[in-house]
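Enquirer: Encoded as structure tokens, here's the structure I'll be asking about.
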Amino acid sequence: AQSVTQPDIHITVSEGASLELRCNYSYGATPYLFWYVQSPGQGLQLLLKYFSGDTLVQGIKGFEAEFKRSQSSFNLRKPSVHWSDAAEYFCAVGPLGGYQKVTFGIGTKLQVIP
Amino acid sequence: DAMVIQNPRYQVTQFGKPVTLSCSQTLNHNVMYWYQQKSSQAPKLLFHYYDKDFNNEADTPDNFQSRRPNTSFCFLDIRSPGLGDAAMYLCATSLSGTPAYFGPGTRLTVL
């Protein structure tokens, strides 16, 4: 069965600092990996996704993620965090092909301090 | 412009009183999903429609039903809400792929 682990429930960073959110997945085949962001009171927004090709994926809002098969990881990064990035971030994994049923991680809440 | 709209944003119901949540989309996507998200938990897929084909998750309680009268609309019916059904309900759409567009959710409170 597929699963996702986000080891950090809460992270606090200063505005302007770099950010890395961790995600580890378990999946028996080549995974389809995603990061979503959920702002307070809002639905989820797809930040980026990976299924093949370059292991460094660029997304919206200046985010990127790197797929590392050997570590079963798909960590999300941003070089300089803005106060508006404060939100909850969900990593997800799904099967390739057709329409996917993604499994979400529990989420990481990001707090940005001035 | 809103692409996935959920109504109402907040719903309060009484224990055992049926409730219907609504989702509409302007994207003309063929797949629509319903997720349940409890506090501090990951969203959990309840069911989805691929066009008119209904796909129920094995662990979705019978208390939860869904209707999709046309491409644009999808409804979640909770026949007899219990206290454990209090959650955020998220609707999402996709074009035969990843659930890419989520609505803002409906927060359900059960008294």
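Protein sequence lines correspond, in order, to chains V and A. First residue of the first sequence: 724, per the numbering used here; consecutive thereafter. First residue of the second sequence: 1343, per the numbering used here; consecutive thereafter. The C-beta atom is built at its ideal place from N, Cα and C for all residues, glycine as well.
#1: Tell me, which residues are paired with cysteine 1416(A) by DSSP?
#2: Alpha carbon to alpha carbon, what distance is there between leucine 770(V) and alanine 1442(A)?
#3: Would the beta-carbon of cysteine 746(V) fall within 8 Å of that of phenylalanine 827(V)?
#4: Over what stretch of residues does the beta strand (DSSP E) that includes glutamate 1399(A) continue unbroken?
#5: Output, in sequence order along the chain, the residues in the region 782-807 of chain V whose CB is closer than 7 Å to any CB in chain A.
#6: Residues of the region 1412-1444 of chain A with a CB closer than 7 Å to any CB of chain V: list them in chain order, please.
#7: Looking only at its chain, what residues have a beta carbon closer than 7 Å to the beta carbon of proline 1350(A), apart from the 5 residues adjacent to it on each side?
#8: Against chain V, does leucine 1387(A) count as a neighbour if the rule is that its beta carbon must be under 8 Å from one of theirs?
#9: With a Cβ-Cβ cutoff of 8 Å, do glutamine 761(V) and glutamate 811(V) count as a contact?
#10: Which ranges does the beta strand (DSSP E) cover as unbroken runs of at least 3 residues, wholly within the region 745-794 of chain V, from first to last along the chain?
#11: Output the distance between the C-alpha atoms of leucine 1369(A) and tryptophan 758(V), rounded to the nearest integer angstrom.
#12: Kindly list, in the order they appear in chain A, the residues whose Cβ is closer than 7 Å to that of glutamine 834(V).
#13: Leaving aside the five residues before and after methionine 1430(A) along the sequence, list all residues of the same chain whose C-beta is less than 6 Å from its C-beta, in chain order.
#14: In the DSSP assignment, what residue or residues form a beta bridge with isoleucine 734(V)?
#15: So which residues on chain V does glutamine 1383(A) lean against when the C-beta distance must stay under 7 Å?
Expert: Once the coordinates are examined:
#1: As a first step, residue 1416(A) is located in the second sequence; it is residue number 74 there, counting from the start. In DSSP, cysteine 1416(A) forms a bridge with Cys1365(A).
#2: Start at 1 with the first residue of the second sequence, and residue 1442(A) comes out as number 100. Start at 1 with the first residue of the first sequence, and residue 770(V) comes out as number 47. Going by the C-alpha atoms only, they are around 9 Å apart.
#3: Walking along the first sequence from the start, residue 746(V) turns up at place 23. Walking along the first sequence from the start, residue 827(V) turns up at place 104. For the pair cysteine 746(V) and phenylalanine 827(V), the CB atoms are not nearer than the 8 Å cut-off.
#4: Translated into positions along the second sequence, residue 1399(A) becomes position 57. From DSSP, glutamate 1399(A) is part of no beta strand (DSSP E); its letter is neither H nor E.
#5: Of all residues in the region 782-807 of chain V, none comes within less than 7 Å of chain A when Cβ atoms are compared.
#6: Residues of the region 1412-1444 of chain A with a C-beta atom less than 7 Å from some C-beta of chain V are Leu1432, Ser1436, Ser1438, Gly1439, Thr1440, Pro1441, Ala1442, Phe1444, listed in chain order.
#7: Taking the second sequence and counting its residues from 1, one reaches residue 1350(A) at position 8. Around proline 1350(A): Thr1448.
#8: Taking the first residue of the second sequence as 1, we reach residue 1387(A) at position 45. Yes, contact with chain V.
#9: Your numbering for residue 761(V) matches position 38 in the first sequence. Your numbering for residue 811(V) matches position 88 in the first sequence. Yes, these two residues count as a Cβ contact at 8 Å.
#10: Those beta strand (DSSP E) runs which fall completely within the region 745-794 of chain V and span 3+ residues are 747-749, 755-761, 767-773, 779-781, 787-791.
#11: Start at 1 with the first residue of the second sequence, and residue 1369(A) comes out as number 27. Start at 1 with the first residue of the first sequence, and residue 758(V) comes out as number 35. One C-alpha to the other measures close to 21 Å.
#12: Indexing the first sequence from 1 puts residue 834(V) at position 111. Chain order gives no chain A residues near glutamine 834(V), where near means a beta carbon separation below 7 Å; the closest approach is about 15 Å.
#13: As a first step, residue 1430(A) is located in the second sequence; it is residue number 88 there, counting from the start. Excluding residues up to 5 positions away in sequence, Gln1379, Gly1447, Arg1449 lie with their Cβ nearer than 6 Å to the Cβ of methionine 1430(A) in the same chain.
#14: Reading the first sequence from its first residue, position 11 is the one you call residue 734(V). Beta-bridge pairing links isoleucine 734(V) to Leu833(V).
#15: On the second sequence, residue 1383(A) is found 41 positions in, with the first residue counted as 1. The answer, in chain order, is Ile829.
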